[in-house]
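Structure record follows, encoded as structure tokens.
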Amino acid sequence: MQLKIHYYALMREQAGRSEETLETSADTPAALYGELVDRYGFTLMREQLKVAVNSEFSDWGRALAAGDAVVFIPPVAGG
Amino acid sequence: MRFRFTESPIDTVGARRELLDLGAGGYVSFEGWVRDHNEGQEVTRLEYEAFQELAVKEGERIIAEALRRFPVKHALCIHRIGSLDLGDMAVWVGICSAHRGEAFDACRFIIDEVKHRVPIWKKEHYRSGDSGWVNCERCAAAPNHIHEHA
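Protein sequence lines correspond, in order, to chains G and R. Residue numbers for the first sequence follow the numbering used here, beginning at 1 and rising by one. Residue numbers for the second sequence follow the numbering used here, beginning at 80 and rising by one.
Below is the structure:
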């Protein structure tokens with residue numbers, strides 16, 4: 001299925017892009033992150049991240065559907 | 080919107096005016112400024128970016144929580160994004176309430192929660208020429224530092 005991924009901050013730099021549409025067999029955010037670590041060599045461990053699906057915080061085990069927009073959220077530093 | 084972003088300098092005079100209420104006896108605000116040092120490094124400038132769609136939702140939830148927890152009249156938070164210089168204001172929080180105590184408490188609550196929960200990231204540029212994403216680099220699995228200036 002196709003997913004839309006947006007990258008921010010350190011992950012945007014490491015991926016070399018801010019968004020992409022990806023054809024993947026990953027059916028959860030956890031599986032998707034594993035796939036993307038292999039592809040881009042992200043240095044952040046999954047335990048350091050949160051994940052959002054369709055602009056709302058999500059569980060790592062949520063079932064992804066075609067067309068979902070996924071964002072991995074590195075440790076935040078506002079203020 | 081009670082939580083919002085701006086790419087321009089924060090208009091604190093206009094923001095304060097949004098809080099005016101004849102039932103309020105006091106107003107408390109907090110300004111976060113760009114500091115010239117962090118964890119032993121000399122900082123020369125900062126870049127902020129945000130996942131705005133979710134950040135605004137989470138920011139609004141924080142303001143709503145503050146209004147439930149503390150008997151204040153109004154609350155507002157504005158966060159800057161983009162490139163900021165030393166001394167620039169990165170974030171502003173304003174509260175008004177009938178009495179001062181809860182205004183201080185709500186202001187502290189909002190800035191603390193915003194720093195912990197809202198998807199905003201800060202890249203520091205250092206005098207040494209190095210740079211780094213705050214909270215992301217030193218604790219990353221691989222120890223290699225990310226250099227942007229090739």
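Note that the Cβ used here is the ideal one computed from N, Cα and C, for glycine as well.
In this structure, does DSSP put residue i in helix, strand or coil?
| i | result |
| --- | --- |
| G/Val37 | helix |
| G/Leu10 | helix |
| R/Phe84 | strand |
| G/Lys50 | strand |
| R/Ala145 | helix |
| R/Cys186 | helix |
| G/Leu3 | strand |
| G/Leu82 | Any question about residue 82 of chain G goes unanswered here, given that chain G covers just 1 to 79. |
| R/Gly166 | coil |
| R/Glu110 | strand |
| R/Arg159 | strand |
| R/His195 | helix |
| R/Glu137 | helix |
| R/Glu181 | helix |
| R/Ala103 | coil |
| G/Leu22 | strand |
| G/Leu32 | helix |
In angstroms, rounded to a whole number, what distance separates the CA positions of residue i and residue j?
| i | j | result |
| --- | --- | --- |
| R/Ala221 | G/Gly41 | Its pLDDT being 44, under 50, R/Ala221 is placed unreliably by the model, and nothing is read from it. |
| R/His195 | R/Leu155 | 17 angstroms |
| R/Lys202 | R/Tyr127 | 6 angstroms |
| G/Ala66 | G/Ala30 | 16 angstroms |
| G/Asp38 | G/Arg12 | 15 angstroms |
| R/Val135 | R/Phe82 | 6 angstroms |
| R/Thr123 | G/Leu10 | 19 angstroms |
| G/Leu44 | R/Gly93 | 40 angstroms |
| G/Ser25 | R/Leu163 | 41 angstroms |
| R/Glu139 | R/Arg179 | 22 angstroms |
Is the beta carbon of residue j closer than 8 angstroms to that of residue i?
| i | j | result |
| --- | --- | --- |
| R/Gly105 | R/Ser176 | yes |
| R/Phe84 | R/Gln131 | yes |
| R/Ser108 | R/Val172 | yes |
| G/Glu56 | R/Leu133 | yes |
| R/Ile199 | R/His158 | yes |
| G/Glu35 | G/Gln2 | no |
| G/His6 | G/Ala77 | no |
| R/Asp86 | R/Ile160 | Sequence inspection shows Glu at residue 86 of chain R; the Asp mentioned does not correspond to that position. A contact, by the Cβ cut-off of 8 angstroms. |
| R/Phe149 | R/Asp184 | yes |
| G/Trp60 | G/Val71 | no |
| R/Val197 | R/Glu137 | yes |
| R/Ala182 | G/Gly79 | no |
Does residue i come within less than 8 angstroms of chain A when only Cβ atoms are used?
| i | result |
| --- | --- |
| R/Gly105 | Judged by its chain identifiers, the structure shown contains no chain A, and its protein chains are G and R. |
Q.
Any contact between the segment 137-145 of chain R and the segment 109-127 of chain R? By contact I mean 3 or more CB pairs, one from each, below 8 angstroms.
A. Short answer: they don't touch.
Q.
Please list, in chain order, the residues of the segment 147-167 of chain R that have any C-beta partner in chain G closer than 8 angstroms.
A. Those residues of the segment 147-167 of chain R placed with their C-beta closer than 8 angstroms to a C-beta in chain G are His158, ordered along the chain.
Q: Mind checking the segment 190-212 of chain R against chain G and listing, in chain order, the residues whose C-beta falls within less than 8 angstroms of any C-beta there?
A: Of all residues in the segment 190-212 of chain R, Ile190, Val193, Lys194, His195, Arg196, Val197, Pro198, Ile199, Trp200, Lys201, Lys202 and Trp212 have a Cβ within less than 8 angstroms of some Cβ in chain G.
Q | chain R contacts made by the segment 38-55 of chain G, where a contact means CB separation under 7 angstroms | A | Contact residues of the segment 38-55 of chain G toward chain R are Thr43, Leu44, Met45, Gln48, Ala52 and Ser55 (C-beta to C-beta distance below 7 angstroms).
Q) Which of the residues in the segment 62-77 of chain G, read from start to end, lie with their CB under 8 angstroms from any CB of chain R? A) Residues Val71, Ile73, Pro74, Pro75, Val76 and Ala77.
(Q) Beta carbons nearer than 9 angstroms to chain G: which residues of the segment 80-94 of chain R have them? (A) Taking 9 angstroms as the Cβ-Cβ cut-off against chain G, none of the residues of the segment 80-94 of chain R qualify.
Q) Residues in the segment 96-122 of chain R with C-beta within 8 angstroms of chain G's C-beta atoms, listed in sequence order? A) Answer in chain order: Gly111.
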